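And the structure:
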């Protein structure tokens, strides 16, 4: 007796479950990072472009760093070696433990972080031919807690909107 439901109750239950499923599907679609926010495996600035960006260094090894010692930083220079201005649309990182700040003359912006953990604001900075900007990368070795001990490899991306983002990386060996 208690296990049987009427046709009207069955229809109401079916509609209720359907609405919940559609709601959850909508939440997943909204939260899922779009293809434009997800960095690709490799990156470089297109050589066919008259405007090119060159990094002062494409990678850096912090060596062994301690969680107890706190955050570490590294400055990367970015120069427009081309003949036309380059618009840098976005600056973002591969992990929430890493932030990046943009400095171009007196213009300082950031911090910029990982897409999906927070809204990544547009950078929209223009580098003139021959001009250099700096990207200060900050890594918090304690951000992942005890699970973050060991080797790490993090990436920072500069997206000009004209192909694969320019990427630079750092590595470290994290100790307690």
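In UniProt numbering, the protein residues as written are 1 to 176.
Just so it is clear, CB atoms sit at the ideal spot from N, CA and C, and this is done for glycine as well.
The model shown is predicted, which means the values in this text are computed figures rather than measured ones.
I need the straight-line Cα distance from residue 67 to residue 147, nearest angstrom please. Answer to the nearest angstrom: the Cα atoms are 11 Å apart.
Among 52, 160, 64 and 93, which one has its Cα closest to the Cα of residue 137? 93
Along the beta strand (DSSP E) that carries residue 77, what are the first and last residues, could you check? DSSP places residue 77 in the uninterrupted beta strand (DSSP E) bounded by 72–80.
Just the C-alpha distance for residue 172 and residue 139, rounded to the nearest angstrom, thanks. 10 Å
CB residue 89 to CB residue 159, shorter than 8 Å? yes
Beta-carbon proximity check, residue 79 vs residue 101, cutoff 8 Å: It is not a contact, given that the beta carbons lie outside the stated cut-off.
In angstroms with no decimal places, state the Cα-to-Cα distance between residue 174 and residue 96. 16 Å
Separation of residue 52 from residue 123, as counted between CA atoms: 18 Å
Would you mind sorting residue 126 into buried or exposed? The rule is 16 or more other CB atoms within 10 Å of its CB. exposed
Just curious, the beta strand (DSSP E) that residue 91 is in, first and last residue? Run containing residue 91: 90–93, per the beta strand (DSSP E) assignment.
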